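Protein chains in written order, with the working numbering: chain A, 240 to 623; chain B, 240 to 623. All remarks here apply to the structure that follows.
There are 2 protein chains.
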Amino acid sequence: MLTPPASVGTVAPQSLRFREPLVLASGATLADYHLMYETYGTLNAARSNAVLVCHALNASHHVAGVYADDPKNFGWWDNMVGPGKPLDTNRYFVIGVNNLGSCFGSTGPMSLDPTTGKPYGARFPVVTVEDWVEAQVRLADALGIERFAAVMGGSLGGMQAIAWATRYPARIAHCVAIATTPRLSAQNIAFNDVARTAIQSDPDFHGGDYYAWGVVPKRGLRVARMIGHITYLSGDDMAEKFGRALRGKAAGDAYAFGYGVEFEVESYLRYQGDKFSEYFDANTYLLITRALDYFDPARHHGGDLARALAPATCRFLLASFTTDWRFSPERSREIVEALVRNGRDVTYAEIDAPHGHDAFLLDDDRYHRMVAAYFDNVAKEVGA
Amino acid sequence: MLTPPASVGTVAPQSLRFREPLVLASGATLADYHLMYETYGTLNAARSNAVLVCHALNASHHVAGVYADDPKNFGWWDNMVGPGKPLDTNRYFVIGVNNLGSCFGSTGPMSLDPTTGKPYGARFPVVTVEDWVEAQVRLADALGIERFAAVMGGSLGGMQAIAWATRYPARIAHCVAIATTPRLSAQNIAFNDVARTAIQSDPDFHGGDYYAWGVVPKRGLRVARMIGHITYLSGDDMAEKFGRALRGKAAGDAYAFGYGVEFEVESYLRYQGDKFSEYFDANTYLLITRALDYFDPARHHGGDLARALAPATCRFLLASFTTDWRFSPERSREIVEALVRNGRDVTYAEIDAPHGHDAFLLDDDRYHRMVAAYFDNVAKEVGA
């Protein structure tokens, strides 16, 4: 086996089809859809040790381990989920699910619309965080899980965990929401909108129906990803990683005096943009950034977050990172304060880490020890 | 007269042609070029009251007043420059100059290359902050100004003021550098590079030679401007101005569930992007952002800014704004510290203002009173 000993090892994605129509927040209906998912560990006899892991913008159901035919492609949270890891698959039955509208196998804009026999494209409905939770509830039903030991996620994944806590309080014992926010700021929305504008104004976008033209709006996707990437890193982290280093040159070498790649940071960003544009679907980018924009549980409670979170009865672990300027610690503190006002049991950690928003995906010792300790206690409680 | 009483009133741009070849930092030569400029106030007999105002990315020689045929188009720093204003044109002779490579009349990528009879386009050489200073020196010579009472600018304009101080110490009595930085950070460069990538990947860019095709890479320019705009404002300022307000709707109204303009902030950014793409030249955008990237006076002094600034003998006024995350107060403080180490006379103000980087262009009372007081003292010294 090529995988390190602490990995869950070789895993296989699974698919479940749902034929009961799903009415979305927009009023649109998905008559028929399927969800890709993976599981790690074993569901105990009491069915009390299941943990749902929700993904953020560009991730998927592939949370941990590798595929037999792709032994280097580790799941996106492999450092968090596995035997002996903070979310220990020796004790927990962990589920990763690809959200509706994503481009990694679950029904989305690239899927064939059964009513036309062609890809949905621009006709795929806008999906919200709450819609994802509804779809995940059906997956839980199908897997025979009445109550999760925890629903967990970072960033957009944390929003889903919070939506679970308020919409299905009886079905979740713990909500673990990392580096998240109760709503996007104007600046967050602005960055999303520039990314969408870049995609929508790419001539290869064809109003979202590029599949029919055999093209992909790669130029727009590339720019979208570059913008996103800047917001995932902290300014200090970029300074530390790249500074003003020139690509392939020493510090004092002459500039090239051109508009190609001159600085290391340009090379890195363009590479990230290129890579992303090779595998990510542009319609999915629009859909998921819009789901981010729309999430705002306090919206129909006069902006009162405590009232919005009042239905939640589970316990909470929240964590934020000091250098995360995308979803800053202030945003997590708002959630904590709202929960405390509701008399909820909340553990909150503000972790001093240099890596900006991306920190939630990285292997930081204090962060991981804190999550591990939390899940240790959960295990005692739920008998995992 | 339609202009407010405190404006310099109607002004007229002027043009000067320079036939002595200008060797640029890149090694390229401009054999022949002209500069657009404007002047306000009167040069005194001693020629001691001249102030040069340097512009930033998207501004020009039109610093103050209006044109007879365009009475609403006030200069970009009209709140700073005029009779009774902080830079008082009753006392000072103020010069605004459009930099080489810009798109407001000075020789740039849109100009005809005399060797081909066609627009320079991609063949227009990369120009640096130091090159601009060299061109400005020739303008000063032509106008008979041996020594400026002050060279002043904000952002990229501040970089030019600093380059004047170090390259022509005998020709500048005061350097006024607002909201500037001794070098762009990796994050700053990254934002510039995303903007350039958006322009370069617009199919209408044609490698910089779009003039020949009769098109303009408006889509790329639009995205570039949207990105830039986000970095000019503070997050708090955007929250204050736009929050999560929906365009044309009340707070609790249903979302549109689409990818068009939904939030006010999107409407604002797209409008700013559209407007910009109507008047700004894409090649100029590349050129000026690259000049920003390249500015780094400490580069050939082992990163030691004090050594780089050692030739400067003038006095300095520096100011920064607390919410400017593009060129933060820390960057201004670096300059102040380097100057203090050199024993220079520096006045520095860190102004508590909510408007981010854009604050340098706005009419903030504390800021303007501070600049006015500084120029009062300069006037006594130089006999203005």
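Beta carbons: idealized from backbone N, C-alpha and C, even for Gly. All values reported here derive from a predicted model rather than from experimental measurement.
Whether residue i touches residue j by CB criterion (8 Å)
i: leucine 326 of chain B; j: valine 290 of chain B; result: yes
i: phenylalanine 614 of chain B; j: alanine 592 of chain B; result: no
i: proline 252 of chain B; j: methionine 275 of chain B; result: yes
i: methionine 391 of chain B; j: phenylalanine 534 of chain B; result: no
i: threonine 523 of chain B; j: serine 341 of chain B; result: yes
i: glutamine 439 of chain B; j: tyrosine 494 of chain A; result: no
i: alanine 416 of chain A; j: phenylalanine 566 of chain A; result: no
i: histidine 468 of chain B; j: glutamine 426 of chain B; result: no
i: valine 625 of chain B; j: methionine 477 of chain A; result: Nothing in the structure corresponds to residue 625 of chain B, since chain B is present only between 240 and 623.
i: arginine 583 of chain B; j: alanine 551 of chain B; result: yes
i: alanine 659 of chain A; j: alanine 437 of chain A; result: The structure shown has nothing for residue 659 of chain A, since chain A only spans 240 to 623.
i: glycine 344 of chain B; j: glutamate 277 of chain B; result: no
i: phenylalanine 444 of chain B; j: arginine 410 of chain B; result: no
i: histidine 596 of chain B; j: tyrosine 471 of chain B; result: yes
i: glutamate 385 of chain B; j: leucine 261 of chain B; result: no
i: valine 302 of chain B; j: glycine 314 of chain B; result: yes
i: valine 504 of chain A; j: alanine 429 of chain B; result: yes
i: methionine 319 of chain B; j: valine 610 of chain B; result: yes
i: serine 424 of chain A; j: glycine 474 of chain B; result: yes
i: valine 455 of chain B; j: alanine 521 of chain B; result: yes
i: proline 348 of chain A; j: leucine 526 of chain A; result: yes
i: leucine 255 of chain A; j: alanine 361 of chain A; result: no
i: alanine 545 of chain A; j: alanine 577 of chain A; result: yes
i: phenylalanine 599 of chain A; j: serine 394 of chain A; result: yes
i: proline 364 of chain A; j: alanine 451 of chain A; result: no
i: asparagine 337 of chain A; j: phenylalanine 519 of chain A; result: no
i: threonine 346 of chain A; j: histidine 413 of chain A; result: no
i: glycine 491 of chain B; j: histidine 539 of chain A; result: yes
i: alanine 295 of chain A; j: aspartate 370 of chain A; result: no
Residue(s) in a DSSP beta bridge with residue i
i: glutamine 375 of chain B; result: Glutamine 375 of chain B pairs with nothing; no bridge assigned.
i: lysine 357 of chain A; result: A/Asp352
i: leucine 274 of chain A; result: A/Leu255
i: alanine 389 of chain B; result: B/Val290
i: glutamate 589 of chain B; result: B/Ser559
i: glycine 383 of chain A; result: None; glycine 383 of chain A has no bridge partner.
i: valine 415 of chain B; result: B/Met391 and B/Leu556
i: tyrosine 279 of chain B; result: B/Val333
i: leucine 261 of chain B; result: B/Leu269
i: aspartate 309 of chain B; result: B/Tyr306
i: aspartate 584 of chain A; result: Per DSSP, none; premise fails for aspartate 584 of chain A.
i: threonine 249 of chain A; result: A/Val305
i: leucine 296 of chain A; result: Paired residue(s): none; leucine 296 of chain A is not in a bridge.
i: glycine 192 of chain B; result: Residue 192 of chain B lies beyond the range of chain B shown here (240 to 623); nothing can be said about it.
i: phenylalanine 502 of chain A; result: A/Leu485
Presumed contact (8 Å Cβ cut-off) between residue i and residue j, rounded CB distance
i: valine 247 of chain B; j: tyrosine 279 of chain B; result: 4 Å
i: glycine 396 of chain A; j: cysteine 553 of chain A; result: At roughly 16 Å, the Cβ-Cβ gap does not stay under 8 Å, so glycine 396 of chain A and cysteine 553 of chain A are not in contact.
i: aspartate 271 of chain B; j: proline 322 of chain B; result: That pair is no contact at about 37 Å.
i: valine 575 of chain B; j: leucine 557 of chain B; result: 6 Å
i: serine 516 of chain A; j: lysine 480 of chain A; result: The Cβ separation is near 22 Å, so there is no contact.
i: valine 368 of chain A; j: alanine 245 of chain A; result: The pair is not a contact, with the Cβ atoms about 31 Å apart (cut-off 8 Å).
i: alanine 623 of chain B; j: tyrosine 331 of chain B; result: 6 Å
i: arginine 286 of chain A; j: glycine 356 of chain A; result: Actually they are not in contact, since the Cβ atoms of arginine 286 of chain A and glycine 356 of chain A sit about 40 Å apart, beyond 8 Å.
i: phenylalanine 502 of chain A; j: alanine 489 of chain A; result: Not confirmed; about 13 Å, so no contact.
beta-carbon residue i near the ligand ZN non-hydrogen atom, thresh 7 Å
i: lysine 324 of chain B; result: Within the structure as shown, the ligand ZN is missing, as the structure has no ligands at all.
Can you list the alpha helix (DSSP H) stretches of 4 or more residues lying completely in the region 430-488 of chain A, in chain order?
457-471 and 474-480
Select from the region 412-440 of chain B all residues with a C-beta closer than 8 Å to any C-beta belonging to chain A, and list them in chain order.
Arg422, Leu423, Ser424, Ala425, Gln426, Ile428, Ala429, Phe430, Asp432, Val433, Arg435, Thr436, Ala437, Gln439 and Ser440
Runs of beta strand (DSSP E) wholly within the region 524-568 of chain B (minimum 3 residues, chain order):
554-560
Pull out every residue of the region 451-470 of chain B whose Cβ sits closer than 9 Å to any Cβ of chain A, in chain order.
Lys457, Arg458, Gly459, Arg461, Val462, Met465, Ile466, His468 and Ile469
Which residues, taken in chain order from the region 530-553 of chain A, show a beta carbon closer than 9 Å to some beta carbon of chain B?
Asp532, Tyr533, Asp535, Arg538, His539, Gly541 and Gly542
May I ask you to list, following chain order, the residues of the region 514-528 of chain B that have a beta carbon less than 7 Å from some beta carbon of chain A?
Leu525
Of all the residues that make up the region 556-580 of chain B, which are near chain A by a beta-carbon distance shorter than 7 Å?
none
In the region 482-500 of chain A, which residues sit with their C-beta less than 7 Å from some C-beta in chain B, listed in chain order?
Gly482, Arg483, Gly491, Tyr494, Phe496, Gly497 and Tyr498
Taking a Cβ distance cut-off of 7 Å, strictly less, list which residues of the region 256-275 of chain B are near chain A, in chain order.
Ser265
With 8 Å as the limit, tell me which residues of the region 358-378 of chain A have their beta carbon closer than that to any beta carbon of chain B; keep them in chain order.
Pro364 and Val365
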